[in-house]
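S.K.: Taken in order, the sequence shown gives residues -30 to -1, 1 to 434; the numbers are from mature numbering (1 follows the signal peptide of the UniProt record, and there is no 0).
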Amino acid sequence: MKLSESDKTSSILILFFICLLIIAIPVVQCSRKDPINSSVVLSLPLYPYSSILKQHRHRNYTQLKQSRIAADAARINSISSRIRYKGHNHNDPFHQQAKTSPRTAVFPNAYQTYLVNIGVGQPEKQIFLVMDTGSSITWLQCQPCDPCFFQFGPVFDPSNSSTFSLLPCSSPQCSSIPNEEKLCSGESCGYTIAYGDGSDQSSGIYATETLTFDDSPVKGIAIGCGHTSLTPPNGFSSAAGIIGLGLEPQSFPSQINASSFSYCLVAMDSGKFSPLEFNSAPPIDSVFTPMVTNPKTATQFYYLGLAGITVGGTLLPIPATLFDFHDDGTGGVILDSGSSLTYFPLDVYQPLSDAITQRAPPGSYLDPSDPTCYEITSDDSLEKFPEVGFVFAGNNGNKTLTFGPRNYMMKPDDPGSKLYCWCFELSPFGDSDTQTIIGMRQQQGIRITFDLVNKQIGFSLNKC
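1) Are the stretch 80 to 98 and the stretch 179 to 197 touching, with three or more C-beta to C-beta distances below 8 Å?
2) Looking only at C-alpha atoms, which of F271, N227, L336, T370 sits nearest to I407?
3) Determine the closest residue to E395 out of V423, K425, Y319, E150, with distance taken between C-alpha atoms.
4) Report all residues from its chain with a CB closer than 8 Å to the CB of G275; omit the five preceding and five following residues, and keep chain order.
5) Quick one: complete alpha helix (DSSP H) runs, 4+ long, within the stretch 219 to 302?
6) By the 10 Å Cβ neighbour count, where 16 or more other Cβ atoms means buried, how is F126 classified, buried or exposed?
7) How long is the line joining the alpha carbons of G301 and S129, rounded to whole angstroms?
8) How about K266 and D297: do their beta carbons lie closer than 9 Å?
9) N249 to F231, Cα distance in whole Å?
10) Round the Cβ separation of residue 443 and M380 to the nearest angstrom and send it over; I've been treating them as touching at under 8 Å.
11) Identify, in the order they occur along the chain, each residue of the same chain with its Cβ nearer than 8 Å to the Cβ of K369, setting aside the five sequence neighbours on each side.
12) Using DSSP with H/G/I as helix, E/B as strand and the rest coil, what is T133?
13) Once DSSP output is grouped into helix, strand and coil, what is the label at L215?
14) In chain order, what residues of the same chain have a beta carbon less than 6 Å from the beta carbon of S244, not counting five sequence neighbours either side?
15) With the cut-off set at 9 Å, would you say Y176 and I147 are in Cβ contact?
16) Give the single residue among N227, E150, T342, S158 whose Cα lies nearest to the Cα of S9.
17) Less than 9 Å separating the beta-carbons of H197 and C115?
18) Using a threshold of 9 Å, state whether the C-beta atoms of L110 and G194 are closer than that.
19) Verify whether the separation of the beta carbon atoms of Y313 and S397 is less than 9 Å.
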């Protein structure tokens, strides 16, 4: 991996700052001393970004949709690049052309982001972090930072916290960071995460800190303390950083020994919030499907087994092999909290699109400018659209999660509009893309449980 001169300069400055901090902040040589009992339920309030700080309104729905798809495309491209890098022989021609890909992390889509409110440090300071199942490192902006992006509330100052402790390079926490994201100088551990094309990043020191859930402090959580923070082009929802819920050892659930975590996403315009819970029991009516392991490479992403799709109770003629993995590690079905919409390969999307169009009820009028949008004159007409079902592959046979049109059709920001559009889209990379991504809009109104002990994912409708 080669760094540009600007990358080298930034890294040297970061490491110099780390060395200065060693004088003032003690370095700890330990792993977590106080493992959390996996039966203790921890909860954080989870808010839609629009309820924290109102973003500018897009002039029309087409503009909003295009913005979401563009942001999703950047994320999906990062996901594919990261998987291909891990799944290939690093000496093959692909990697001679894509040698920068290991430094490219996956940034959440700010147009469909949910934020947790959590206490950091002692005395605690309340901050907002983006919830992301596609990231593993938890990080936030820290003083001093240059540059910083805009966030809601003051930037965290570690010098004011009695529980902030630097981590040495020899610590298990530092060792868990992928080599391409780790910076080490002497005894201190640092990190750098580049997003997208590498122009957006978070870099700083890796340390342990106390995080507080309501009135329950959890000590010794490893976090990134970002002193260089460059914002992505689609913004960052005014959050201070990311809480990483991915599958890797440095993720937040792994650090607290969580047996599970779950969330239910409220509508963006609801003005409400719902809990992000750790170690809570799933709803008894949950439909479970096993987590699927990428056979080519270990990743931080959550895969599940999708065997088919139904529309109006009829199983569509979609071969289950279209949801399989490929030799390079791509393909499969990822459940993703950082993508806005749900994306299918062409051979999945086309029969789904045709089936919904054929079953569109009277009183709904196809928008000539967008074949995925309908002008719907009444709520009664909306409810007459067909149910859609995801058929999940299970150890004891397939199980179908069926949901109505309010779970797969969305209304634009304009309250006077009668337009509703599907939240299913063709992959932004066209015919050649075989990746299926189930995004946030599709997940709204469903309590989703990630059972980390039994390696399964559960879905329960209307449990927000």
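Glycine is no exception: its CB is placed at the ideal position from the N, C-alpha and C atoms.
All values reported here derive from a predicted model rather than from experimental measurement.
M.R.: The relevant details are as follows:
1) Cβ pair count under 8 Å is three or more, so yes.
2) By one-based count along the sequence shown, residue 407 stands at place 437. The residue with the shortest Cα to Cα distance from I407 is F271.
3) Translated into the one-based positions of the sequence shown, residue 395 becomes position 425. Nearest C-alpha to E395: Y319.
4) As a position in the sequence shown, residue 275 is number 305, starting the count at 1. So the qualifying residues of the chain are T259, P260, V262, F293, V303, F362, A363, G364.
5) 222 to 225
6) In the sequence shown, counting from the first residue as 1, residue 126 sits at position 156. Flag for F126 reads buried.
7) Locating residue 301 in the sequence shown gives position 331, where the first residue counts as 1. Locating residue 129 in the sequence shown gives position 159, where the first residue counts as 1. Taken atom to atom, the span from the alpha-carbon of G301 to that of S129 is near 45 Å.
8) Locating residue 266 in the sequence shown gives position 296, where the first residue counts as 1. Locating residue 297 in the sequence shown gives position 327, where the first residue counts as 1. Yes.
9) As a position in the sequence shown, residue 249 is number 279, starting the count at 1. As a position in the sequence shown, residue 231 is number 261, starting the count at 1. The straight-line gap from Cα to Cα measures roughly 6 Å.
10) No answer is possible for residue 443: it lies beyond the span of the chain, which begins at -30 and ends at 434.
11) Locating residue 369 in the sequence shown gives position 399, counting from the first residue. V257, F258, T259, V361, F362.
12) As a first step, residue 133 is located in the sequence shown; it is residue number 163 there, counting from the start. The three-state secondary structure of T133, taken from DSSP, is coil.
13) Taking the first residue of the sequence shown as 1, we reach residue 215 at position 245. Correct three-state label for L215: coil.
14) The sequence position of residue 244 within the sequence shown is 274, counting from 1. Result list for S244: L16, C234, V236, C434, in chain order.
15) Working through the sequence shown from its first residue, we reach residue 176 at position 206. Working through the sequence shown from its first residue, we reach residue 147 at position 177. Yes, they are a contact pair.
16) The count along the sequence shown starts at 1 and reaches residue 9 at position 39. Among N227, E150, T342, S158, the Cα nearest to that of S9 is on N227.
17) Translated into the one-based positions of the sequence shown, residue 197 becomes position 227. Translated into the one-based positions of the sequence shown, residue 115 becomes position 145. For H197 and C115, yes; Cβs fall inside 9 Å.
18) Position 140 of the sequence shown, counted from the first residue, corresponds to residue 110. Position 224 of the sequence shown, counted from the first residue, corresponds to residue 194. In contact: L110 and G194 (Cβ atoms closer than 9 Å).
19) For the purposes of this step, residue 313 is taken as residue 343 along the sequence shown, with counting starting at 1. For the purposes of this step, residue 397 is taken as residue 427 along the sequence shown, with counting starting at 1. Yes. Within cutoff.
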